[in-house]
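J.:
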Amino acid sequence: MSSISNVSENTPHLLILGMGGTIAGLAPNPEENPLQYQAGQVGVDALVAHVQSVVPEGVKLVSRQVANINSRNLTDAHLTSLGLAVKDALLDAAVQGIVITHGTDTMEETGLFLQATCGKLAHTQSKRVILTGAMLPSNAPGADGPSNLLDALRWASTSIDNCPGGIYAVMDGRGCMAIDLAKRHATALNAPLQNAPSSSVGLINPSWLSGVKAVQAAWNEDLPIPQEGEWPWVEILTSHTGARPETITQWLSSSVQGFVIAGTGHGGFHDDWLKPLDQAMAQGIALVRTTRTGAGATLPNIPEIDHFGCRPSGSLTAPRARIGLQLALNAAKQGNKAGKPLTWQDFFARMADLPEIR
Ligand code: ASP
2 MSSISNVSEN
12 TPHLLILGMG
22 GTIAGLAPNP
32 EENPLQYQAG
42 QVGVDALVAH
52 VQSVVPEGVK
62 LVSRQVANIN
72 SRNLTDAHLT
82 SLGLAVKDAL
92 LDAAVQGIVI
102 THGTDTMEET
112 GLFLQATCGK
122 LAHTQSKRVI
132 LTGAMLPSNA
142 PGADGPSNLL
152 DALRWASTSI
162 DNCPGGIYAV
172 MDGRGCMAID
182 LAKRHATALN
192 APLQNAPSSS
202 VGLINPSWLS
212 GVKAVQAAWN
222 EDLPIPQEGE
232 WPWVEILTSH
242 TGARPETITQ
252 WLSSSVQGFV
262 IAGTGHGGFH
272 DDWLKPLDQA
282 MAQGIALVRT
292 TRTGAGATLP
302 NIPEIDHFGC
312 RPSGSLTAPR
322 ARIGLQLALN
332 AAKQGNKAGK
342 PLTWQDFFAR
352 MADLPEIR
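Residues in the sequence shown are numbered from 2 upward in steps of one, following this note's numbering.
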């Protein structure tokens, strides 16, 4: 599905890719109950039309609907479509920058996906790719979508000297690297950026900017975008009080290819999982462990020596680690086809060991 505004595709423009979310949501009774609504109801062309008259002079806008969903329903296939659309746009000389309107629930996963598959290209093409969304549906009093979209469009169109090409997110007047966003509040207007190192979009903070440059210097090569139907099957399993071995053993007869363990504390898991997880790894199931605490890194051999093959998630949260493991398994498969001896652990480490912005 695609909709293009009345600008010729060869005219320099910003491209707005619509994925849906609350920014495109409608509430039946917005005055009485703005938080009871359906996400992904309004087309991206209408969202763009609403702000078109206030975008900076001379900036042309072209919109394209990639999906119009509640982002809790995001699929691997949606990511493939979005990744390919972003890649094409980065390579299109007429596109000056890209804004993606997206649901906030899973923006975290899309952020990691786009950094890992298009981050280098965005940097070398000197274009910003900016994810944005809203916490209130489009017809709610005080809806935050229009101002977020406008901030993203303004930032995407400002000079590249201000901040390099790359994959970012904007909400509530602030911008961060898309790999740093994670929804950490159910309702706050800044929910996805609340705990992320960020900068005001109006006045770029120099120490944040030097952190961005350090991340970009360390990101040397984009990973391939898995084709639809080629995404490895990876599950997140949470360790908790009373965890049972059956939670792991029930998977051993399935075709699952990887587990991300959202562990307690440093990313540890219940002792009752030790034996079945060793069995899973012996069967070739990839294992990453992370922390369910919501903050802080998961480091190798802490608190105990890692069993062979198990990889800690570094700075990646469980949702990001899951996407990272899918991309790493896919890259290792493709790399091995080409005769390169890189393992999924090698590809995963590139994402997990990126410098953190303080
Ligand atoms: N459930 C919505 C979504 O992720 C929430 C939002 O957009 O803020 O699509």
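Backbone N, C-alpha and C define an ideal beta-carbon position, used for all residues, glycine too.
(1) Considering only DSSP beta bridges, list what Pro-313 is partnered with.
(2) If distances are taken between C-alpha atoms only, which option among Ser-255, Leu-150 and Pro-13 comes closest to Val-52?
(3) How big is the Cα-Cα spacing for Leu-122 and Asp-272?
(4) Would you identify the three-state DSSP class for Cys-177, choosing helix, strand or coil?
(5) CB-CB under 7 angstroms to Ala-287, same chain, minus the five flanking residues each way: which ones, in chain order?
(6) From what residue to what residue does the alpha helix (DSSP H) around Leu-91 run?
(7) Would you say the stretch 236 to 249 touches the stretch 199 to 217, given that touching needs at least three Cβ pairs under 8 angstroms?
(8) Taking 8 angstroms as the cut-off, is the C-beta of Met-282 nearer than that to any heavy atom in the ligand ASP?
(9) Using the beta-carbon count (16 or more within 10 Å), is Leu-91 buried or exposed?
(10) Using three-state DSSP, classify Ser-72 as helix, strand or coil.
(11) Run through DSSP, which three-state label would Phe-205 get?
(12) In terms of alpha-carbon separation, which member of Arg-359, Gln-228 and Pro-138 lies closest to Glu-32?
(13) Look at the alpha carbon of Leu-27 and the alpha carbon of Pro-246, and state the distance between them as a whole number of angstroms.
(14) I need the DSSP call for Ile-262, collapsed to helix, strand or coil.
(15) Leaving out the 5 sequence neighbours to the left and right, which residues in its chain are closer than 7 angstroms to Met-2 when beta-carbon positions are compared?
(16) Looking at the unbroken beta strand (DSSP E) that takes in Arg-129, where does it start and where does it end?
(17) Beta carbon of Gly-22, beta carbon of Asn-71: below 9 angstroms?
(18) Assuming Pro-142 contacts Pro-35 (C-beta within less than 8 angstroms), just tell me the rounded distance between them.
(19) What does the Cβ neighbour count give for Asp-354, buried or exposed, with the cut at 16 atoms within 10 Å?
(20) What are the start and end residues of each continuous alpha helix (DSSP H) run of 4 or more residues lying completely inside the stretch 92 to 130, in chain order?
(21) Which residue comes first and which comes last in the beta strand (DSSP E) that contains Ala-170?
(22) Which of the three DSSP states, helix, strand or coil, is assigned to Leu-15?
(23) Would you identify the three-state DSSP class for Val-235, choosing helix, strand or coil?
(24) Pick out whichever of Thr-76, Ala-135 and Gly-112 has its Cα sitting closest to the Cα of Trp-232.
(25) Which of the three DSSP states is assigned to Gly-269 in this structure?
(26) What are the boundary residues of the alpha helix (DSSP H) that Thr-250 is part of?
(27) Sorted by chain position, which residues of the same chain lie with C-beta nearer than 7 angstroms to Ala-332's C-beta, five sequence neighbours on each side aside?
(28) Could you have a look at Ser-4 and say whether DSSP puts it in helix, strand or coil?
(29) Taking the alpha carbon of Val-55 as the point to measure from, which residue in Leu-85, Val-63, Ala-144 and Asp-152 has its own alpha carbon closest?
(30) Which residue wins for smallest C-alpha separation from Ile-17, given the options Gly-44, Thr-118, Val-100 and Lys-61?
(31) For Ala-72, verify whether its CB is less than 8 angstroms away from any heavy atom of the ligand ASP.
(32) Run through the DSSP bridge pairs and tell me what Ser-200 is partnered with.
T.: Checking against the coordinates, here is how it stands:
(1) Along the sequence shown, one-based indexing puts residue 313 at 312. Arg-290, per the DSSP bridge assignment.
(2) If you number the sequence shown from 1, residue 52 lands on position 51. Minimum Cα distance to Val-52 is reached at Leu-150.
(3) Along the sequence shown, one-based indexing puts residue 122 at 121. Along the sequence shown, one-based indexing puts residue 272 at 271. Cα to Cα, Leu-122 sits roughly 43 angstroms from Asp-272.
(4) Working through the sequence shown from its first residue, we reach residue 177 at position 176. Cys-177 falls in the strand class under three-state DSSP.
(5) Taking the first residue of the sequence shown as position 1, residue 287 is located at position 286. Within the same chain, Ala-287 has close Cβ partners Gln-258, Gly-259, Leu-326, Leu-330 and Trp-345.
(6) Residue 91 sits at position 90 when you count from the first residue of the sequence shown. Here the alpha helix (DSSP H) through Leu-91 covers 77 to 92.
(7) no
(8) As a position in the sequence shown, residue 282 is number 281, starting the count at 1. Checking the Cβ of Met-282 against the ligand ASP gives no.
(9) Position 90 of the sequence shown, counting from 1, holds the residue named residue 91. Classification of Leu-91: buried, given that the 10 Å Cβ count is 16 or more.
(10) For the purposes of this step, residue 72 is identified with residue 71 of the sequence shown, where counting begins at 1. Helix, per DSSP.
(11) Within the sequence shown, residue 205 is the residue found at index 204, counting from 1. Note on identity: in this sequence residue 205 is Ile, with Phe being the wrong assignment. In the structure shown, Ile-205 sits in coil (DSSP, three-state: anything other than H, G, I, E or B).
(12) By 1-based counting over the sequence shown, the position of residue 32 is 31. Minimum Cα distance to Glu-32 is reached at Pro-138.
(13) Counted from its first residue, the sequence shown places residue 27 at position 26. Counted from its first residue, the sequence shown places residue 246 at position 245. Approximately 44 angstroms, taken between the alpha carbons.
(14) Position 261 of the sequence shown, counted from the start, is the residue given in the question as residue 262. It is a strand residue.
(15) The sequence position of residue 2 within the sequence shown is 1, counting from 1. For Met-2, the predicted model reports a pLDDT of 37, less than 50, meaning its position is unreliable; a value from the coordinates is still stated below. Counting only Cβ-Cβ distances below 7 angstroms, and skipping sequence neighbours, we find Gln-66.
(16) Translated into positions along the sequence shown, residue 129 becomes position 128. Start and end: 129 to 133.
(17) By 1-based counting over the sequence shown, the position of residue 22 is 21. By 1-based counting over the sequence shown, the position of residue 71 is 70. The answer is yes: Cβ separation under 9 angstroms.
(18) Taking the first residue of the sequence shown as 1, we reach residue 142 at position 141. Taking the first residue of the sequence shown as 1, we reach residue 35 at position 34. Yes, Pro-142 and Pro-35 are in contact; Cβ-Cβ is about 7 angstroms, under 8 angstroms.
(19) The residue labelled residue 354 in the question sits at position 353 within the sequence shown. Burial call: exposed.
(20) 108 to 125
(21) Taking the first residue of the sequence shown as position 1, residue 170 is located at position 169. Looking at the DSSP string, the run of the beta strand (DSSP E) that includes Ala-170 is 167 to 172.
(22) Along the sequence shown, read from residue 1 onward, the residue named residue 15 stands at position 14. Residue state, collapsed to three classes: strand.
(23) As a first step, residue 235 must be located in the sequence shown, where it is residue number 234. It is a strand residue.
(24) Numbered from 1 along the sequence shown, position 231 holds the residue referred to as residue 232. If we check each option's Cα against that of Trp-232, Thr-76 comes out closest.
(25) Translated into the one-based positions of the sequence shown, residue 269 becomes position 268. Note: Gly-269 maps to strand in three-state DSSP.
(26) Locating residue 250 in the sequence shown gives position 249, where the first residue counts as 1. That run of the alpha helix (DSSP H) goes 247 to 250.
(27) Taking the first residue of the sequence shown as 1, we reach residue 332 at position 331. So the list reads Leu-224, Pro-225 and Phe-348, once near-sequence residues are dropped.
(28) Walking along the sequence shown from the start, residue 4 turns up at place 3. The predicted position of Ser-4 is uncertain, since its pLDDT is 42 and thus under 50; a value taken from the coordinates is nonetheless stated next. Coil.
(29) Locating residue 55 in the sequence shown gives position 54, counting from the first residue. Ranking Leu-85, Val-63, Ala-144 and Asp-152 by Cα distance to Val-55 puts Asp-152 first.
(30) In the sequence shown, counting from the first residue as 1, residue 17 sits at position 16. Looking at the Cα atoms, Val-100 is the closest of the given residues.
(31) Mapped onto the sequence shown, residue 72 falls at position 71. With the sequence shown as reference, residue 72 is identified as Ser, and Ala is not the correct amino acid for it. Flag set: Cβ of Ser-72 near the ligand ASP.
(32) As a first step, residue 200 is located in the sequence shown; it is residue number 199 there, counting from the start. DSSP output for Ser-200 lists Gly-176 as bridge partner(s).
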